[in-house]
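Colleague: Before anything else, here's the structure in question.
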């Protein structure tokens, strides 16, 4: 701010020997040093203007404080500067009504996103918990002045920002609607404060000064348009809100009372403090029933602004506690006045006189008595004091007085500081209250709830339901029932002899605990809402209960040895059979209790909701000792682990592993697990974040949460990319032995980069088909160095492609037809087992703690029905079609380790090229797999789709690099040779079914290297990269050597050396290879944005600050 006293010195005649410390006297309006103060002040003549001259006492104020106060209370702005201030304040307008002057019933509510106002913070809004402080009160009371004082401070570096325009007309509102101002002191903190400046009471339906000023300011649109924030417009359908005063009296309080942490009612008339208390109560009472499940009531402050004549009173008016207690005592008798029962409440504007203003005095003090009567008699609440009544509407109440502008600045500054301290305390208290209620909202949460509130209050007369909005914000996933069902099946496997009702009794506390944990994680307000919360999950519980009975519940008939029938409801046609299949008696399905009957559904619902209430009661007792969101989530998970421990045995890892699911988190039981631990259990991301020791992006676990007695050395570790890190994707075509070309290209890239970093460590995801799948697993799963990968690939190729006896001779085709393959599939399986291990699962399973963390790898395959399948060593969250639509493939994940494929099995499946190898049948899943090249010989589309599913937050961003590597191509037409082979085969043997599979699929899909290039071309065109977007072109790279002759066959082992030399020559001459190496080097760096500000001097430009 510009200093009023810049360059001032002591006002004595000879100031050479004066002290350096200067003070300002508000009575004589002079500047004196510390030395001259006692000598000069007493005889000086009072020269102060206005009421200051009435003050007898000279008081000194530090110049910095005086400068701060005078700049706020006595701004020196000319008419043009005031107009510009109103124009700039358009950006601070948060929400308000827009009335069509031609059609009085066409009224809209316009609002801006809360996050727009929080965008100046350097802290992620997902890590902040904003506090909303609303200033309401009469027009001309000085709300904008107080907000100015709170935003500015003595000695602090002033940030360029928009502040409220201070009013100059007592009877007309200065600022229209509701404006929002971030507090610069707390903006970057975990609890930033935002001041809402509400249009004043009593302004009637006249347009506020800011609106009239803007209309007269011709340059407004030209100057302001480039910097406007986005607004959202909603039609108001409630008739009572069709006027400006109706909005101020009815609509704005609904929003501010519902969402505010602190409400400051500002007035300038202390002698009517009784009316101010009434106004505070009626302001709240008029909207009190407009919301449900509100997590907390706001804290109330009455701010008497510009207090004068305090000498005539006996109280210390600058003491907050003293003033509050005295005024509550003075008006205590109002709660016991005789009154008529409180009738229907009308908003004040409905009683306004014809001149359009609302005299607040018509709200008489007997309203206090009427409200007391209502609470005592209708709502059965004990009201003994006036404060008891106030606390029905607010969580706390204080009165604070601010001196008038005629008082010494240091006294005004002291009271401003007290007001700010009260607001800061209110922010802390409301934070604790919201935490106890289970709804401490982040900036993103608050923005969501506000938008829901704006939508609701503009379109409905019904109350706004926080709980309903919370569930809509993070709806209970349809997968939740699947997770509950998996839990029920696990318990059933441990308690096979329990009847239905007994099992449900044991299952209820586990389901309740799962619901409790999900509610905590989703930040659903739970205080007093356990039954309502259960209602949101009732249907999911019912689905799980029904599925358990209809699909998994065994018949309860027993044989003479007491062993239970193994048949289920839908598979009981043979009668009662034991687990070995022996029918021990005839009869239909029998059970003591029908689990999905209406009676047992209600029984289980009641049991679960009762258990849920107990858990929340225990939780609320623990909350006061919990600090922070991370600690809260950890404590909730620990409580859940204790309550669900009966599901698991702790006698040994093997026993507990039988309950380990690969589709439901072993720890929380309610989420999709993403991280396999050393012990074989798999946990979700939220459990990992709650339990692990972690830095910003790195996580570490020293033991499994389900058997804490076993410590891992070294600990299990993983990491996630920061949000600003781009993705690096590698796609590898199929090609049989020709895939050695891909390894040579990758080896040459590693050499060109020359940083000593293994090439695999440059990629976040590798997708391969057939031979490309084997390369992907060698690099990403086994983590072989590139030279070892080449050697291993040669060995696998030489061992796998050993022809069956007789193939190649006169009876060769007949032998191929008989065995459905040219090569022995056992040779390929053995080669893969030797290289990748016989027992290593592609996902999950026990691992050595010293093993290296793997890269995400997926291989494509095709079922016998022609459906494309992706087999991967990673798990991802349930697919939402909003991310990528409906992909042309399915993601396979075994339910347990027994249903999971081993690494060698997945590679055997992706390499099962018709004509060359038999289909691979996986017994546990029941699938017969063929080569992935049938559908995705070039899997680039699959790779790009998969990276969007794994990292949906980056689906709209280009990856840092998507590198697609082929296995040679030639643009010659080879169809004639294929047709000849096909016709020859058919003519000789007439094995039509086999011939169709061999030649139509294998020859035309797998061996068509030209088709892989067409796939890349189509994919690249779909990206719509403009010619001038050279930076985007570099992100999508295709490396594939072109040959003048047809490439070797995919089983041509003798061509391995030739293929290697071709690939090396290509790398030495191709500029694309060098460009790919440069792009990979660049991908090692990323920019972490710390702050971004719009450069208003240049439209469309922003100044960014951050770290690399």
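Numbering (the UniProt record's numbering), first residue to last: 1 to 1108.
Every residue gets a Cβ at the ideal spot worked out from N, C-alpha and C, and that includes glycine.
Just so we're clear, the structure is a prediction, and the values are computed from it rather than from any experiment.
(1) Determine the contact status of residue 426 and residue 277, defining contact as a CB-CB distance below 7 Å.
(2) Please report the distance separating the alpha-carbon of residue 794 from that of residue 539.
(3) Would the beta-carbon of residue 525 fall within 7 Å of that of residue 69?
(4) Apply the 10 Å Cβ neighbour rule to residue 732 and answer buried if 16 or more other Cβ atoms are within range, or exposed otherwise.
(5) Can you tell me the Cα-Cα spacing of residue 956 and residue 441, whole angstroms?
(6) Taking only three categories from DSSP, how would you classify residue 576?
(7) Rounded to the nearest angstrom, what separates residue 447 and residue 115 at their Cα positions?
(8) Are residue 135 and residue 197 touching if we call contact CB-CB under 7 Å?
(9) Quick one: using the 10 Å Cβ neighbour count with 16 as the cut-off for buried, is residue 223 buried or exposed?
(10) Once you ignore the five residues that flank residue 258 on each side, which residues in its own chain have a CB closer than 8 Å to its CB?
(11) How should residue 228 be labelled, buried or exposed, when 16 other C-beta atoms within 10 angstroms of its C-beta is the threshold for buried?
(12) Which same chain residues, not among the five before or five after residue 965, have their C-beta less than 6 Å away from its C-beta?
(13) According to DSSP, simplified to helix, strand and coil, what is residue 282?
(14) CB-CB under 8 Å to residue 385, same chain, minus the five flanking residues each way: which ones, in chain order?
(15) Got a sec, what are the start and stop residues for the alpha helix (DSSP H) residue 253 sits in?
(16) Flag this pair as touching only if the segment 921–940 and the segment 833–850 have three or more C-beta atom pairs under 8 Å; answer yes or no.
(17) Tell me, to the nearest whole angstrom, how far the beta carbon of residue 151 is from that of residue 177; I am working on the premise that it is less than 8 Å.
(18) Determine the direct distance from the alpha carbon of residue 518 to that of residue 954, and round the result to whole angstroms.
(19) With a cut-off of 8 Å, do at least 3 Cβ pairs link the segment 593–605 to the segment 540–548?
(20) What's the gap between the Cα of residue 660 and the Cα of residue 681?
(21) Going by Cα to Cα distance, which pick from 781, 914 and 896 is closest to residue 856?
(22) Can you give me the start and stop residues for the beta strand (DSSP E) that residue 922 sits inside?
(23) Between the segment 684–694 and the segment 905–917, are three or more C-beta pairs nearer than 8 Å?
(24) Measure the CB-CB distance between residue 534 and residue 609 and report whether it falls below 7 Å.
(25) Roughly how many angstroms lie between the CA atoms of residue 297 and residue 263, to the nearest whole one?
(26) What is the DSSP secondary structure of residue 827, counted as helix, strand or coil?
(27) Whole angstroms is fine: what's the gap from residue 605's alpha carbon to residue 506's?
(28) Can you tell me the Cα-Cα spacing of residue 123 and residue 143, whole angstroms?
(29) Smallest Cα separation from residue 970: which of 1081, 1042, 1012 and 910?
(30) Bridge partners of residue 935, per DSSP?
(31) Should residue 646 be labelled buried (16 or more other beta-carbon atoms within 10 Å of its own) or exposed?
(32) Whole-angstrom Cβ separation of residue 108 and residue 90, contact assumed at under 8 Å?
(33) Quick one: what does DSSP say residue 958 is sitting in, helix, strand or coil?
(34) Using DSSP with H/G/I as helix, E/B as strand and the rest coil, what is residue 1095?
(35) Tell me which same chain residues have a C-beta within less than 6 Å of the C-beta of residue 950, skipping the five on either side of it?
(36) Please classify residue 188: is it buried, with 16 or more other beta-carbons within 10 angstroms of its beta-carbon, or exposed?
Modeller: Reading it off the structure:
(1) Here the question's residue 426 lines up with position 426 in the chain shown. Here the question's residue 277 lines up with position 277 in the chain shown. No, they are not a contact pair.
(2) Working through the chain shown from its first residue, we reach residue 794 at position 794. Working through the chain shown from its first residue, we reach residue 539 at position 539. Whole-angstrom Cα-Cα distance: 56 Å.
(3) In the chain shown, counting from the first residue as 1, residue 525 sits at position 525. In the chain shown, counting from the first residue as 1, residue 69 sits at position 69. In this structure, residue 69 does not lie closer than 7 Å to residue 525 by Cβ.
(4) Here the question's residue 732 lines up with position 732 in the chain shown. The residue is buried, with at least 16 neighbouring Cβ atoms inside 10 Å.
(5) Taking the first residue of the chain shown as 1, we reach residue 956 at position 956. Taking the first residue of the chain shown as 1, we reach residue 441 at position 441. Their Cα atoms are separated by approximately 27 Å.
(6) Your numbering for residue 576 matches position 576 in the chain shown. Reduced to three states, the DSSP call for residue 576 is strand.
(7) Position 447 of the chain shown, counted from the first residue, corresponds to residue 447. Position 115 of the chain shown, counted from the first residue, corresponds to residue 115. If you take the alpha carbons of residue 447 and residue 115, they lie about 6 Å apart.
(8) Numbered from its first residue, the chain shown carries residue 135 at position 135. Numbered from its first residue, the chain shown carries residue 197 at position 197. Their beta carbons are under 7 Å apart, which means residue 135 touches residue 197 by this criterion.
(9) In the chain shown, residue 223 corresponds to position 223, counting from 1. Because residue 223 carries a pLDDT of 45, less than 50, the predicted location of this residue cannot be relied on, and the following value inherits that uncertainty. Under this definition residue 223 is an exposed residue.
(10) In the chain shown, the residue the question calls residue 258 occupies position 258. Taken in chain order, the residues that qualify are 287, 290, 291, 294, 453 and 464.
(11) Residue numbering aside, residue 228 sits at position 228 when the chain shown is read from its first letter. Note that residue 228 scores a pLDDT of 49, beneath 50, so its modelled location is shaky and nothing firm can be said.
(12) The residue you call residue 965 lines up with position 965 of the chain shown. Within the same chain, residue 965 has close Cβ partners 732, 742, 745 and 1039.
(13) Translated into the one-based positions of the chain shown, residue 282 becomes position 282. Note: residue 282 maps to helix in three-state DSSP.
(14) The residue given as residue 385 occupies position 385 in the chain shown. Cβ within range, chain order: 328, 332 and 335.
(15) For the purposes of this step, residue 253 is taken as the residue at position 253 of the chain shown. Residue 253 -> alpha helix (DSSP H) spans 252–259.
(16) no
(17) Sequence index remark: in the chain shown, residue 151 carries index 151 (1-based). Sequence index remark: in the chain shown, residue 177 carries index 177 (1-based). Going by Cβ atoms, the distance from residue 151 to residue 177 rounds to 19 Å, so no, they are not a contact pair.
(18) The sequence position of residue 954 within the chain shown is 954, counting from 1. The sequence position of residue 518 within the chain shown is 518, counting from 1. Cα to Cα, residue 954 sits roughly 26 Å from residue 518.
(19) yes
(20) Mapped onto the chain shown, residue 660 falls at position 660. Mapped onto the chain shown, residue 681 falls at position 681. Going from the Cα of residue 660 to the Cα of residue 681 covers about 6 Å.
(21) Translated into positions along the chain shown, residue 856 becomes position 856. Nearest option by C-alpha distance: 781.
(22) Looking up residue 922 in the chain shown gives position 922. Segment 920–922, the beta strand (DSSP E) holding residue 922.
(23) no
(24) Stepping through the chain shown from its first residue, residue 534 is reached at position 534. Stepping through the chain shown from its first residue, residue 609 is reached at position 609. Contact: yes.
(25) Here residue 297 refers to the residue found at position 297 when the chain shown is read from its first residue. Here residue 263 refers to the residue found at position 263 when the chain shown is read from its first residue. Between residue 297 and residue 263, the C-alpha separation is close to 10 Å.
(26) Residue 827 sits at position 827 when you count from the first residue of the chain shown. Helix at residue 827.
(27) One-based indexing of the chain shown puts residue 605 at position 605. One-based indexing of the chain shown puts residue 506 at position 506. Whole-angstrom Cα-Cα distance: 13 Å.
(28) To locate residue 123, count along the chain shown from 1; it is residue 123. To locate residue 143, count along the chain shown from 1; it is residue 143. Their Cα atoms are separated by approximately 28 Å.
(29) By one-based count along the chain shown, residue 970 stands at place 970. Cα-wise, what sits closest to residue 970 is 1042.
(30) In the chain shown, residue 935 corresponds to position 935, counting from 1. Per DSSP, none; premise fails for residue 935.
(31) If you number the chain shown from 1, residue 646 lands on position 646. Residue 646 comes out exposed.
(32) Here residue 108 refers to the residue found at position 108 when the chain shown is read from its first residue. Here residue 90 refers to the residue found at position 90 when the chain shown is read from its first residue. Residue 108 to residue 90, Cβ: 17 Å. No contact.
(33) Reading the chain shown from its first residue, position 958 is the one you call residue 958. Residue state, collapsed to three classes: coil.
(34) Translated into the one-based positions of the chain shown, residue 1095 becomes position 1095. Here residue 1095 sits in strand by DSSP.
(35) Position 950 of the chain shown holds residue 950. Answer for residue 950: 876, listed in chain order.
(36) Within the chain shown, numbered from 1, the residue matching residue 188 stands at position 188. Looking at its Cβ environment, which holds fewer than 16 other Cβ atoms inside 10 Å, residue 188 is exposed.
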